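The numbering of the sequence shown is the working numbering, which starts it at 35 and goes up by one. Take a look at the structure set out below.
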Amino acid sequence: MTRTVYLNGDYLPEHEAKVSVFDRGFLMADGVYEVTSVLDGKLIDFQGHCVRLARSLGELEMKNPHTEAEWLEIHRQMVARNGIVDGMIYLQVTRGNPGDRDFAYPGPETEPTVVLFTQSKPGLADNPAAKTGWKVISIPDIRWGRRDIKTVQLLYPSMGKMAAKKAGVDDSWFVEDGVVTEGTSNNTYIVKGNRIITRQLSHDILHGITRAAVLRFAVEAQMEVEERPFTIAEAQAADEAFISSASAFVMPVVEVDGKAVGTGKPGHVVARLREIYLDEMRKAAV
Ligand code: PDD
């Protein structure tokens, strides 16, 4: 089926949507993005993604081309026009096309380029991987120093995913100064008893929208939350481990650098958090 994509105010068949070779997203990775999940035709944590989008744009001195209400309407149109039941909406805003290549930002006369497309993933919340868990390896984190801005410069995370594939596992965890920062496209956690340990927010990691919800639900479920960095050795010695992201939700991690975490099977704390997360977010979906 030909997807309907959104480009600068128009809903177009995907093969008709064209962006200039001078677009700064293409030449400089000068753009930001968001990925919002859809379950049962409704948007999961839409407002969280909208707030983070505004923050990413602000940090890069880019204007936000739409109000939250306008973004919501565009997202809903994308769901409806593409018949999405379960899946994802990808949104990207770049600094646009100034008509030439230049390191300096263009002036306000250059309009941002706005692109949205959908990815249909029937049964997204019933991913069988949640029953078996992910295996991960660790690799050095050599990304830039503003990982809190959700930019489209994703080459190193792609290299991390390829390193994982080559090692026959599901993902890579980035390590800097002896401690884990995050996964290629997710936030990372370990569980010790009733305690969830995850790195504190800073410029070093993306401020996951799923992370914020998961930590809120963990506290509500009487779990303890400790926000601090942890090492690979600590993860290997933990009772359970997991990752969170808008597309994987809460996903158990059962092996780190070849060593089983806990029993080597998904544990009950992560299973419970995943269940609470999906139940609550479905209820609050818009
Ligand atoms: N990735 N850390 C990184 C580096 C990420 O790329 C992501 C999301 C997260 C989790 O953030 P959130 O819970 O808001 O999805 C953490 C998205 C899903 C992606 O690139 O596809």
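Glycine residues also receive a C-beta, built at the ideal position from the N, C-alpha and C atoms. Note that this is a predicted model, so its numbers are computed, not measured.
Give the DSSP bridge partners of residue i, in chain order.
{"i": "A294", "result": "E289"}
{"i": "E329", "result": "Since the first residue shown for the chain is 35 and the last is 320, residue 329 is missing from the structure and cannot be characterised."}
{"i": "V39", "result": "L46"}
{"i": "I231", "result": "I224, E260"}
{"i": "G301", "result": "G301 is not bridged to any residue."}
{"i": "G217", "result": "W207, N220"}
Can you find the residues in the same chain that come closer than 6 Å, C-beta to C-beta, to residue i, ignoring five residues on each side of it along the sequence?
{"i": "I78", "result": "S71, M315, A319"}
{"i": "S206", "result": "I171, I173, G194, A197, A198, T218"}
{"i": "R135", "result": "L61"}
{"i": "N98", "result": "A88, L91"}
{"i": "P300", "result": "G167, P286"}
{"i": "E93", "result": "I183"}
{"i": "E68", "result": "H83, L87, L125"}
{"i": "T244", "result": "S278, S279, A280"}
Here's a check: name, in chain order, each residue in its chain whose Cβ is nearer than 7 Å to the Cβ of residue i, leaving out the five neighbours to either side.
{"i": "D175", "result": "F208, V209, E210, T215"}
{"i": "R115", "result": "T38, Y45"}
{"i": "H109", "result": "T70, L77, F80, I123"}
{"i": "N228", "result": "M257, E258"}
{"i": "V57", "result": "Reading off the sequence shown, one finds Asp at residue 57, where the question assumed Val. If we look at D57 and ignore the five residues flanking it on each side, its Cβ neighbours are T128, G130, N131, T147."}
{"i": "L307", "result": "V248, F251, A252, V284"}
{"i": "G242", "result": "N221, S278, S279"}
Considering only residues of the same chain and omitting the five flanking positions on each side of residue i, which have a CB-CB separation below 8 Å?
{"i": "V203", "result": "W168, K169, V170, I171, E289"}
{"i": "H100", "result": "I108, V148"}
{"i": "R233", "result": "V213, V214, T215, E216, N221, T222, I239, E261, R262, P263, F264"}
{"i": "R180", "result": "E93, H237"}
Let me check you understand the geometry: is the CB of residue i closer than 8 Å to at least one non-hydrogen atom of the ligand PDD?
{"i": "H109", "result": "no"}
{"i": "N161", "result": "no"}
{"i": "V213", "result": "no"}
{"i": "E216", "result": "yes"}
{"i": "Y19", "result": "Residue 19 lies beyond the residue range present for the chain, which begins at 35 and ends at 320; the question has no answer from this structure."}
{"i": "I310", "result": "no"}
{"i": "I224", "result": "no"}
{"i": "V69", "result": "yes"}
{"i": "L125", "result": "no"}
{"i": "S219", "result": "yes"}
Worksheet item: Which runs of the alpha helix (DSSP H) spanning at least 4 residues fall entirely within the stretch 43-131, listed in chain order?
Response: If we require 4 residues or more, the alpha helix (DSSP H) runs fully inside the stretch 43-131 come out as 58-62, 80-93, 102-115.
Discussion item. Which runs of the alpha helix (DSSP H) at least 4 residues long sit entirely within the stretch 252-289? Give them in chain order.
Written reply: Secondary structure in the stretch 252-289: the alpha helix (DSSP H) runs of 4 residues or longer, each lying completely within the stretch, are 266-270 in chain order.
Item to complete: Could you tell me whether the stretch 246-265 touches the stretch 42-60, where touching means 3 or more Cβ pairs closer than 8 Å?
Response: No: the two stretches stay apart, fewer than three of their Cβ pairs being nearer than 8 Å.
Practice prompt. Count the CB pairs spanning the stretch 185-193 and the stretch 139-157 that are closer than 8 Å, and state whether there are at least three.
Written response: The stretch 185-193 is not in contact with the stretch 139-157.
Discussion item. I'd like the ranges of any alpha helix (DSSP H) spanning at least 4 consecutive residues and lying wholly in the stretch 151-214.
Written reply: For the stretch 151-214, the full-length alpha helix (DSSP H) segments reaching 4 residues or more read 163-166, 189-200 along the chain.
Worksheet item: Between the stretch 134-152 and the stretch 256-267, do at least 3 Cβ pairs fall closer than 8 Å?
Response: No: fewer than three Cβ pairs fall under 8 Å.
Fill in: Cβ contact check for the stretch 141-149 and the stretch 262-274: 3 or more pairs under 8 Å
Too few Cβ pairs lie closer than 8 Å, so no.
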